[in-house]
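Protein chains in written order, with the working numbering: chain E, 763 to 874; chain B, 16 to 951. Okay, structure first, notes after.
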Amino acid sequence: MELVIAITLGVLTSTGVYLILRARTFSVVLGLTLLSHGVNLFLFSMGRLTTASPAVIGLVEEYTDPLPQALVLTAIVISFSMTAFVVVLALKAAVELRSDHVDGEDPNEDRQ
Amino acid sequence: MDIGLVVFLPVLGAFASLLSRLKRPGPDHVQGHALVALIAPAICLLLLLSYLPRIQSGEALVYSVSWVPEIGLDLAFRLDGLSWLFATLITGIGCLIILYARYYFAGKDTAGRFFVLIQLFMTAMLGIVLSENLLFMLVFWELTSLVSFLLIGFTWSSRNARRGARMSLVITGGGGLALLGGILLLGQIVGSYQISDVLAATDTIVSDDRYPLTLSLILLGAFTKSAQAPFHLWLPHAMAAPTPVSAYLHSATMVKAGLFLMARLHPAMGDTELWFSLITITGMVTLMVGAFVAMFMHDIKGLLAYSTISHLGLITLLIGMGSEMAMAAALFHLTIHALFKAPLFMMAGIVDQATGSRDMRNINGLWRTMPALMVVTAIPAAAMAGLPLMSGYLSKKMLFSESLLVTAPHWANTLIPVWVTIAALFSVAYSVRIFHNVFFNGQPVDLPHWPPRKKPAGMLVPLFILAAASLLVGLAPQTTYDSLIHLAVMATSMTHLPLYDFSALSDAQAPAMMSFIAMIGGIVFYLARGPLFAIHRQLPEVDAKNIFEQIMQQSIRFAQSLVYRLENGSLQRYLAFILVAAIAPALWMLSSYSGWRGPSELTDLNAMVVFGAVILCLSAIGVALFHHQRLPALLLLSVTGLFVTLAFAQFSAPDLALTQLSVEVMAVVIMMLALSFLPQTSPRESGAGRIVRDLSLAGLAGAGVALFAYAVLTRPADTISGYFLANSVPGGGGTNVVNVILVDFRGFDTLGEITVLGIAAVAVFAFTRDLHLKERVASAGTAKGFAEPHPVILQMVSRMALPIALLVSAYIFLRGHNMPGGGFIAGLVTAVALTLQYMAGGLVWAQERMLTHFRPLIGAGLLIATVTGLGSWFVGYPFLTSAFSHMDWPLIGEFELATALLFDLGVYTTVVGATLLILANLGKLMTVAGPGQEVG
């Protein structure tokens, strides 16, 4: 199962990285979201993955590691707010620069 | 400590001058400013004079305080014969320069600035000569370059001044860097930066392998500072500075810093073949170039500048010879040069101000209108020419007799005497020229001010004092030498020396002969100047400043082309660079690593996990594949988010699952909103090469993450969470450890996180408040045929759902401390419920019925959280310590009341406020006519 998890994390990272390298802001937003999913899951898995053992005292016998969960919980909220911010930034850039290219003006990818 | 006082008093003086300038601005208070500026240098001079008896008894006073011991930097001062001589010249001539400047700047607004800078410069210069620590000295060394830059560019409106300032900064600053390297090497060789230690380690230094490099670097610093060829070019262009600056920095003091450094290090590094050849040859070239060019300068200051270069070369030559007597001659000449060159510059300034010109082709016959100036100029000019009875005559004869003593390298023993005689000939010629040309030589031609403006008699006082001193040295050389200079010479050779015998010098035949030849030759040369100037005019003109500017421009262009190659404005390229920089080192370091498979047993495959993982992977790949079609890509993205949520739920993280679920809803809504303003498709514009590059980067990054995750997951866990699990109930009063960590153990982190959330929301508000999308929205709306934006069924259902949703969120909030839930989740649930109202009823409808002040809500939330944290201070606990108690409530049963709950309320409020602020403002853009009022 470890292998499956690792591959999933790799796929999330790869697709995220590929998308943030695209030229249009919306693709970058998609990529950032995928990348933050990957990062959140990665952090989460650092506490090892156990089933049916939530860290609620008295509920179960063995507890999973609560610390990565606490870290990831705030990370989820922060990445949400950052996504919202980037979306609005992309929107403003698209309106004011009349292009949704990440460089703001030139539709050609490579400017020389 | 008094030595430190000598160094730092002028800084205080500079502040005093600054104050006096601020207090009385304008051109009418120059006299007052000058008096203020005179205080510190005068005290320094008196202090130095009071040290004279102790210096004369042969003491070297060292005062030292450890400053940065890790790098061997001490706040250390040293006062011995050599530094006393320099310090006295600096302060003494400094006082006279301030006196002169009082008249030079009379009626000018810039006087105050000059007095501030000149005192700063004085500190820098005193720091160089009085530092005991070489690193400490270097700081002052660079400071002189900086202040010199400011003073050359004093009249910054002039292009020449700016260019001259830049040139001098580049050359002397560059030399300073070389010097830094040299000093660091020297410090490594010796093991200390203290001058006392360096001077005591001669054998270690000279026998070290790094000696040639060290010496070359240090000399590079000294040569650039002292304007030695080929680095002399900055000095003539530094003449764009006001004349008091030229007189002080660029003839009497700063340019001598390099000479001082060589003299200072001579006992430690001198007496080697390398020392002799490097310094002597440089000195000879500089001596000749300076003297020759000076002859043909028509600008008075230009002539004096090149003559200064020539004299600096002469002193360098003497230092290069390195014998005790040569050192004596060097320091003797250095002293008298300061005494005769400063008044000549002052004369140039007076003539410039009086006639409005410095061109000697125009300035002639001033003896009628300025007889007093002529008299005080005659003495320094004669000293510069080296006429008998003058101080210059003695130093020239010292030079000649030393040059005859050089025997060592075979090329030197006849070349040097001939060479110095020719240079002396030029020197006589230009000295005669500057005096005869300015005060005699017929009638003035086309002067801007004629008859010349009257200058106050007081302006001549500093000239008179310096001329008198110069005369005195010439008349009583033995006394001057014995009482002042001999001590400095001893400091440069570190041995006890017999006194220099001036009577023997006057009996010597050969030097007198050489001197005679130079004098006659110089006068003949001057008389023949007409045809010589004509020949000189035929020579191709080389403007060093233009060449320098060209070199500068070329190097700037080169740097720019490099920058453009890296930085062409494409953010994609930067990002690719960053990724390469992150991936490449990891790839390089880890390529041979084989321990990816840890020792732990692998867990069995679970069909549900595999299914979830496959969907997750497929949807993520789908997003990447179909990202050109934006809406389908977004839908696939939400599938990914959903399966991430399921993963959290599967692996014992109910809090995370709840959070992710509500965040996912909000995020997708926001992106949908944004998408309605953006193009629906992304053009296919990446070339094949770029796609291959990006795919390989992405593949490598993904592979790296997968390998790391695999390596960690196959190793036994080692966690610090035991503490949290054990103390959650007794310490935090809650059984949901994740929540207790958030609001209690790591409450401070959470406070930071919600602050970031609030800031992001306010930033979104700021971005959207003046964003107008009306036309686009109108067209998009009709084109896509959104006939019924707010379906009735959705409206009805959502209104009924609202109270239930709020109740659920209250429940989640309250139970959060003990069961999955808490402020974050409850806040998001509330926000989702309210968002639903917006979607169902429309922004206008919702705004009429709802609280729309979201920013105060964010503020209130942050305030609640912070005040809760502060509360624990009042009962004597650290920030954010929680207190709790359990109480039995009727009907509800046992219920825990914890301050952490209050903190969580702050979190809740902030989350609700921030989320709705973002959403409402994005939604506002949707309305065709605008909601009519600001949301937030």
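Each residue gets a CB set at the ideal place from its N, CA and C atoms; glycine is no exception.
Asked	Found
Which of the three DSSP states, helix, strand or coil, is assigned to LEU693 (chain B)?	coil
Given TYR725 (chain B), which residues of its chain have a CB within under 7 Å of its CB, disregarding the five upstream and five downstream residues?	TRP611
I believe VAL366 (chain B) touches PHE479 (chain B) by the beta-carbon criterion, under 8 Å. Please report the beta-carbon distance rounded to the nearest angstrom.	That pair is no contact at about 16 Å.
Looking at LEU843 (chain B) and the ligand ZN, is the gap between the Cβ and the nearest heavy atom below 7 Å?	This structure lacks the ligand ZN, and indeed carries no ligand of any kind.
By the DSSP assignment, the alpha helix (DSSP H) with TYR923 (chain B) in it spans what residues?	914–939
Using the Cβ count rule (16 or more neighbours within 10 Å means buried), how would you classify LYS38 (chain B)?	exposed
Provide the residue span of the alpha helix (DSSP H) that contains SER35 (chain B), from first to last.	17–38
The beta strand (DSSP E) that contains ARG93 (chain B), what's its start and end?	88–94
In chain order, which continuous runs of the alpha helix (DSSP H) of length 4 or greater are located wholly inside the segment 464–510 of chain B?	475–490, 492–495 and 501–508
From B:THR370, B:TYR208 and B:HIS787, pick the residue whose C-alpha is nearest to that of VAL83 (chain B); which is it?	B:TYR208
Less than 8 Å separating the beta-carbons of VAL308 (chain B) and ALA244 (chain B)?	no
CB-CB under 8 Å to ALA559 (chain B), same chain, minus the five flanking residues each way: which ones, in chain order?	LEU248, PRO251 and HIS252
Name the two residues that bound the continuous beta strand (DSSP E) containing TRP426 (chain B).	Taken as a continuous stretch (DSSP letters only), TRP426 (chain B) belongs to no beta strand (DSSP E), as it is neither H nor E.
Might you give, ordered along the chain, the residues of its own chain that have their beta carbon closer than 6 Å to the beta carbon of GLY305 (chain B), omitting 5 neighbours on each side?	TYR321, ILE324, SER325 and GLY328
With contact counted as at least three CB pairs below 8 Å, one residue from each stretch, are the segment 387–403 of chain B and the segment 439–458 of chain B in contact?	yes
Counting only beta-carbon atoms, is ARG810 (chain E) nearer than 8 Å to chain B?	yes
In whole angstroms, what separates the C-alpha of PRO25 (chain B) from that of PRO56 (chain B)?	6 Å
Closer than 7 Å by beta-carbon distance: list the chain B residues that pair up with LEU774 (chain E), in chain order.	ALA635
Identify, in the order they occur along the chain, each residue of the same chain with its Cβ nearer than 8 Å to the Cβ of LEU771 (chain E), setting aside the five sequence neighbours on each side.	GLY800, LEU803, PHE804 and SER807
Quick check on the burial criterion: 16 or more other C-beta atoms within 10 angstroms. Buried or exposed for GLY778 (chain E)?	buried
If you drop the 5 nearest sequence neighbours on each side, which residues of the same chain put their C-beta closer than 6 Å to that of MET277 (chain B)?	ALA237 and ILE334
Express the C-alpha separation of ASP516 (chain B) and LEU149 (chain B) in angstroms, rounding to a whole number.	34 Å
Helix, strand or coil, according to DSSP, for TYR118 (chain B) in the structure here?	helix
Using CA atoms only, rank isn't needed, just tell me which of E:GLU867, E:THR775, E:VAL848 and E:GLU764 is closest to VAL720 (chain B).	E:THR775
Taking contact to mean 3 or more Cβ pairs, one atom from each stretch, closer than 8 Å, check whether the segment 356–376 of chain B and the segment 419–434 of chain B are in contact.	no
Would DSSP call TRP382 (chain B) helix, strand or coil?	coil
Along the segment 569–580 of chain B, what residues have a CB closer than 7 Å to any CB found in chain E?	none
Taking only beta-carbon atoms, is ARG786 (chain E) less than 8 Å away from chain B?	yes
Using a Cβ-Cβ cutoff of less than 6 Å, which residues in the same chain neighbour ASP95 (chain B) once the five nearest sequence positions on both sides are dropped?	ALA75 and ALA506
If we cut at 8 Å on Cβ distances, does TYR725 (chain B) have a partner in chain E?	yes
What does ASP709 (chain B) touch in chain E if you count any residue whose Cβ is under 7 Å from its own?	TYR780 and LEU783
Identify the contact partners of THR770 (chain B) in chain E, using a Cβ-Cβ distance below 8 Å as the criterion.	Those do not exist, as THR770 (chain B) stays about 10 Å from chain E at its closest Cβ, beyond 8 Å.
Please list, in chain order, the chain B residues whose beta carbon lies closer than 7 Å to that of GLU764 (chain E).	LEU617, THR618, TYR725, LEU728 and THR729
Is the distance from the Cβ of GLN71 (chain B) to the Cβ of LEU502 (chain B) below 8 Å?	yes
Quick check on DSSP: helix, strand or coil for GLN553 (chain B)?	helix
Given that LEU796 (chain E) touches chain B, what residues does it touch there, using C-beta distances under 9 Å?	ALA635, VAL638, ALA639, LEU652 and THR655
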